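To start, the structure under review is shown below, and the notes come after it.
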Amino acid sequence: MIPARKHLSLILKVSVSLLLLLLLYRNTPLQQIWAVLSRSSFSFLILVGGIVLVNIVLSSLKWRVLLLSDQIDIPLRKLVVSYVIGGFFNVLLPSTIGGDSYRIYDIMRKSGQGVRTAASVFADRLSGFIALTFLSLIASFFVAIKIDKPFLAVLPLAVLAGLFLVLYLLWRRTPVLWLLRVLRLNRIPKLVAFVETFCATLVRYTKDPGTLIQVMVLSFAFQFLLILSVYLMARAIHASAPFIYFLSFVPLITLMETVPISVYGIGVRDMGYVFFFQYAGISELHTRSLAIVFLGVTFCYALLGGLLYLGRKLDLKRHKPHKPSADEGAL
């Protein structure tokens, strides 16, 4: 049963999503959006599907590199399945970290290393955000000059500074332990041990050049392909703009979605597309349609995760040892 506080959080997120959707779509007839979507080029959408599959493997491979640095050897195939099922839980659960929670739980059962598994998932996310923001910073510098909007270069720079600050505080470990003392959480020995092991694992990643290089190369490849997939979605609905605008804006919109104020970024994502891509000359009709296409692709991906999760459950049930009934035991 979901606690009352989580019920309230879900209600607030749904309310924010509905409010943002109402504000954004109230002046855009749905039949116009449907007309744009009905003329979509499926060849581009097929390419998007291919990129999604490649990115699943890239991200799972990055996760495996992090786990192997801690001597946790999980086959790539199992990590792929866990990653895709995590995508299903990202959509299903009223939380932005539902998928990551599942990944931690799933691999922890196989490895027996809960803290180190959690650290690997966190490092996976953080490295991805750093790569994403770097790409945005480089592109935003040129876009800001081109359209004379300096704030577009300041935004990714501020986000990148924040990410490195988080990394530095965890690397130093002392500020985190100090915060536990201030909050009087240092009275919980298990929590203190968790934090120390978690931070030590992250530090070990940074001190291993081979692991660090592989993780960042895979992160940049993943994020570049993610941006490319959004560009192809725009091409599918005949919304044309130079690719550099997507390099600049998609990372910022993706980071906006991580703020847990709506259900799976619905409403926030739409607002981001409308706000940023107006500078690329894309109409509001097409930016709203692009947000819907992105959501549709995401739900297809989540559906794949749901099918894998169902298959896993059925497989466990099929292989569950049969317990004889009282009558059977008497025979």
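First residue of the sequence shown? That's 10 in the numbering used here, and the numbers climb one at a time after it. The C-beta atom is built at its ideal place from N, Cα and C for all residues, glycine as well. Treat the numbers as computed from the prediction; the structure is a model and nothing was measured.
Sub-7 Å separation of residue i and residue j beta-carbons
i      : j      : result
ILE301 : GLY281 : no
ALA245 : SER47  : no
TYR111 : GLY96  : no
SER69  : LEU85  : yes
ALA162 : PHE150 : yes
ALA250 : LEU67  : no
Where residue i falls: helix, strand or coil (DSSP)
i      : result
SER68  : helix
ARG182 : coil
ALA127 : helix
LEU192 : coil
SER249 : coil
ILE42  : helix
GLY121 : coil
GLN223 : helix
LYS158 : coil
PRO84  : coil
Cβ of residue i within 7 Å of any chain D Cβ
i      : result
GLU205 : Of the protein chains in the structure, only one exists, and it is not chain D.
Separation of residue j from residue i, as counted between CA atoms
i      : j      : result
LEU221 : VAL74  : 9 Å
LEU54  : LEU77  : 35 Å
LEU144 : PRO260 : 8 Å
ALA127 : ILE113 : 6 Å
ILE147 : ALA153 : 10 Å
ARG134 : LEU186 : 22 Å
SER91  : VAL100 : 15 Å
HIS247 : LEU192 : 53 Å
LEU88  : VAL283 : 35 Å
ILE42  : PHE303 : 14 Å
Distance cut-off 6 Å: residue i Cβ against heavy atoms of the ligand FMN
i     : result
GLN41 : This structure lacks the ligand FMN; in fact it carries no ligand of any kind.
Classification of residue i by the beta-carbon crowding that lies within 10 angstroms, buried from 16 upward
i      : result
THR8   : In the structure as shown, the chain starts at 10 and stops at 340, and residue 8 therefore has no counterpart that could be examined.
ARG327 : exposed
GLY108 : buried
GLY276 : buried
THR210 : buried
HIS295 : buried
Selection from the options that minimises the alpha carbon distance to residue i
i      : options                        : result
GLN122 : SER91, PHE207, LEU172, LEU174  : PHE207
ILE81  : ARG118, VAL93, PHE98, VAL66    : ARG118
ARG182 : ALA167, ALA202, TYR254, LEU227 : ALA202
ALA243 : LEU313, VAL306, LYS71, SER136  : VAL306
SER228 : PHE160, ILE139, TYR177, CYS309 : ILE139
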